[in-house]
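Read top to bottom, the protein sequences are chains A and B. Quick note on numbering: our numbering labels position 212 of the first sequence as 821, and the sequence is numbered without any gaps. Quick note on numbering: our numbering labels position 139 of the second sequence as 748, and the sequence is numbered without any gaps.
There are 2 protein chains.
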Amino acid sequence: MSSSLTARERVRAELTREIADVARRQLAVDGAGGLSLRAVAREMGMASSAVYRYFPSRDDLLTTLIIDGYNALGEAVENADAAVPHDDHAGRWMAVCHAVRDWALAHPHEYALLYGSPVPGYKAPQDTVPAAVRDTVVYGRIVSDAHRAGALNPPDAHHPPVPASFADDAARVRAIMPGVPDDVIVRGLIAWTGLFGWVSFEMFGQFAHTILDPAAAFDHAMRCQARTVGLSA
Amino acid sequence: MSSSLTARERVRAELTREIADVARRQLAVDGAGGLSLRAVAREMGMASSAVYRYFPSRDDLLTTLIIDGYNALGEAVENADAAVPHDDHAGRWMAVCHAVRDWALAHPHEYALLYGSPVPGYKAPQDTVPAAVRDTVVYGRIVSDAHRAGALNPPDAHHPPVPASFADDAARVRAIMPGVPDDVIVRGLIAWTGLFGWVSFEMFGQFAHTILDPAAAFDHAMRCQARTVGLSA
DNA sequence: CGATCGTCAAGAGCAGTGCTCTCATTTATT
DNA sequence: AATAAATGAGAGCACTGCTCTTGACGATCG
């Protein structure tokens, strides 16, 4: 046999993918709440009950959309990072920041699905974790690369000392930023949350009627964040 | 007449408030998606159609819950700020940070309603704006107070210059931080988005399996943010 | 005082949802 | 060829938001 899949398995995989694609289009239009299994079935010309052969519940369909979304964002971030010279750490940081924002602007409902409030009655299963950290490892690698290269500016003298109780948490984060001391890990976390906090505020309307040139403000804010982390310009 | 309201108007206001209270309880249990007008009516022992006399649609009910939420958070922030000596700017900042986090932990679904992804098919009307900025003016006042008192540390020499295109946006933000120069406004925005970015990440599960002592990490992160703004310890 | 008009609760009903069950058909395996 | 597994379709249940109509209550005005 040329393919290790039977014809049945092939058409099943194809249909599963097509259902997810149709669902993603509906998600892009109506948002997570407007995603309807029946509507997907209608658009595909099949009975609503048939869709349940491929996705046992609406939440399962949402889960695959979430995983796909994390992977799409992660890939965008990876590509942005790879397009900048490896030792230009500040440039890499700025590139991934813009990649996140650009992806969010291009896929607002998917971004809301990933980083907004959990969908009503939906509990994220463990399956999403590997995809969810795909972009995170990129941020971590930039910081740890800069640290290993000795390119990180030291924090100013009056910086508050890291509390001892943070040691355990820092050790866990160090899996993504190998060899990085605790205070740098904190600064990385602050920049990370600052990036998504800013993008979320812009996406969810908190900046409405205030920041009318969000692209410029974002670029400058992330440049400041880079300095907070210690990435030299 | 002792009250300027007729008996009819009084019972109407009372019932409106009671419906909102029941809805808020359901919101706290099931989240925004689980909020059902019919369930509210059931719990109150009235017909579902009767509820529509008080709230013309589910979205209107959600809107009042959102406004109430903003006001509750705003009040918590105001109280936290007022409990700290007026010239202890860093202490005031830390107090409001913890007020936000504590309120979010105590009202997770309401927080998600305010700062999570917009509810499916729900478009926030203008009515929410005044309540939504109630906490924001507190942050702005802390920064502008510190600046007026000359208590703000200057940014380091290599800080990236504020782009000229940000001038218009800064002017709008200055309505909340009177007399504050552009670069300080930027630092205030970064701290503001960093605060809510951190709280949202904690509330929405992005820290799961990584930060197990979120209270300590939050306190330290916000202390670092204070230094970024220039608030002396 | 009695008629009127605005307000209100209730019920029926529509269109939509997620999901389950059964039944016939198609496909793959033995 | 016979059997077992997988698939699609339809009906149906319980639920949702929302509308419309009907009948009753209460305040106001002639």
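From the three backbone atoms N, C-alpha and C, an ideal C-beta is built for every residue, glycine too.
What residues in its chain sit with their C-beta under 7 Å from that of residue i, if we drop five residues either side in the sequence?
{"i": "PHE805(B)", "result": "TYR724"}
{"i": "ASN680(A)", "result": "ALA740, ARG743"}
{"i": "ALA698(B)", "result": "It should be noted that the sequence gives His, not Ala, for residue 698(B). These residues qualify, in order along the chain: ILE751, ASP754, ALA755, ALA760, LEU840."}
{"i": "MET786(B)", "result": "GLY749, VAL752, SER753, ILE794, GLY797"}
{"i": "ASN696(A)", "result": "Note that residue 696(A) is Asp in the sequence shown, not Asn. ALA758, listed in sequence order."}
{"i": "ASN762(A)", "result": "GLY839, SER841"}
{"i": "VAL789(A)", "result": "VAL752, SER753, HIS756, ARG783"}
{"i": "VAL738(B)", "result": "none"}
For the alpha helix (DSSP H) that contains residue i, what are its first and last residues?
{"i": "MET653(B)", "result": "646–653"}
{"i": "LEU714(A)", "result": "698–715"}
{"i": "ASP639(A)", "result": "616–639"}
{"i": "LEU671(B)", "result": "667–691"}
{"i": "THR737(A)", "result": "737–741"}
{"i": "ALA779(B)", "result": "776–782"}
{"i": "TRP822(A)", "result": "Checking the sequence shown, residue 822(A) turns out to be Asp, not Trp. Per DSSP, ASP822(A) belongs to no alpha helix (DSSP H) and is neither H nor E."}
{"i": "ARG796(B)", "result": "791–812"}
{"i": "VAL660(A)", "result": "657–660"}
Rounding to the nearest angstrom, what Cα-Cα distance links residue i and residue j in this structure?
{"i": "MET703(B)", "j": "ARG647(B)", "result": "42 Å"}
{"i": "PHE816(A)", "j": "GLU811(B)", "result": "21 Å"}
{"i": "ALA616(B)", "j": "HIS818(A)", "result": "41 Å"}
{"i": "TRP807(A)", "j": "THR802(B)", "result": "5 Å"}
{"i": "SER611(A)", "j": "PHE813(B)", "result": "Legend: pLDDT at SER611(A) = 41, less than 50; position of this residue unreliable, value from coordinates given subsequently. Cα to Cα, the separation comes out at about 46 Å."}
{"i": "HIS707(B)", "j": "ALA656(B)", "result": "42 Å"}
{"i": "GLU618(B)", "j": "ALA659(B)", "result": "16 Å"}
{"i": "PRO665(A)", "j": "ASP736(B)", "result": "41 Å"}
{"i": "ALA769(B)", "j": "ASP777(A)", "result": "Strictly speaking, residue 769(B) in this sequence is Pro, with Ala absent from that position. Going by the C-alpha atoms only, they are around 34 Å apart."}
{"i": "ALA830(B)", "j": "LEU636(A)", "result": "35 Å"}
{"i": "SER726(B)", "j": "TYR661(B)", "result": "26 Å"}
{"i": "ARG845(A)", "j": "HIS767(B)", "result": "There is no way to answer for residue 845(A), as the model of chain A reaches only from 610 to 842."}
{"i": "LEU614(A)", "j": "SER809(A)", "result": "42 Å"}
{"i": "ASP828(A)", "j": "VAL709(B)", "result": "27 Å"}
{"i": "LEU670(A)", "j": "ALA715(B)", "result": "31 Å"}
{"i": "VAL638(B)", "j": "VAL638(A)", "result": "29 Å"}
Can you give me the Cβ contacts of residue i inside the same chain, cut-off strictly under 8 Å, excluding the 5 residues immediately before and after it?
{"i": "SER774(A)", "result": "none"}
{"i": "SER711(A)", "result": "According to the sequence provided, residue 711(A) is Asp. The question's Ser does not apply to it. Around ASP711(A): ALA685."}
{"i": "VAL795(A)", "result": "VAL771, PHE775, ALA779"}
{"i": "TYR663(B)", "result": "ARG621, LEU624, THR625, ILE628"}
{"i": "GLY683(B)", "result": "ALA740, ARG743, ASP744, VAL747"}
{"i": "GLY631(B)", "result": "It should be noted that the sequence gives Val, not Gly, for residue 631(B). VAL649, GLU652, MET653."}
{"i": "GLY589(B)", "result": "Within the shown structure, residues of chain B are numbered from 610 to 842, placing residue 589(B) beyond reach of any answer."}
{"i": "PRO764(B)", "result": "ASP792, ARG796, GLY839"}
{"i": "ARG633(B)", "result": "LEU674, ASP677, GLU719"}
{"i": "VAL705(B)", "result": "VAL686, ALA689, ASP690, ASP744, VAL747, TYR748, ILE751"}
Name, in chain order, the residues that DSSP records as bridge partners for residue i.
{"i": "LEU840(B)", "result": "LEU761(B)"}
So, for residue i: in the same chain, excluding its five sequence neighbours on each side, which residues have a beta-carbon less than 6 Å away from its beta-carbon?
{"i": "GLY700(A)", "result": "VAL693"}
{"i": "GLN834(A)", "result": "ALA800, GLY803"}
{"i": "ARG832(A)", "result": "none"}
{"i": "ALA713(B)", "result": "TYR720, VAL808, MET812"}
Segment contact flag, the stretch 688–699 of chain A with the stretch 782–799 of chain A, C-beta cutoff 8 Å, min 3 pairs | no
Per the contact definition of three or more C-beta pairs closer than 8 Å, is the stretch 631–649 of chain A in contact with the stretch 666–677 of chain A?
-> yes
Is the number of C-beta pairs between the stretch 815–832 of chain A and the stretch 819–827 of chain B that are closer than 8 Å three or more?
-> no
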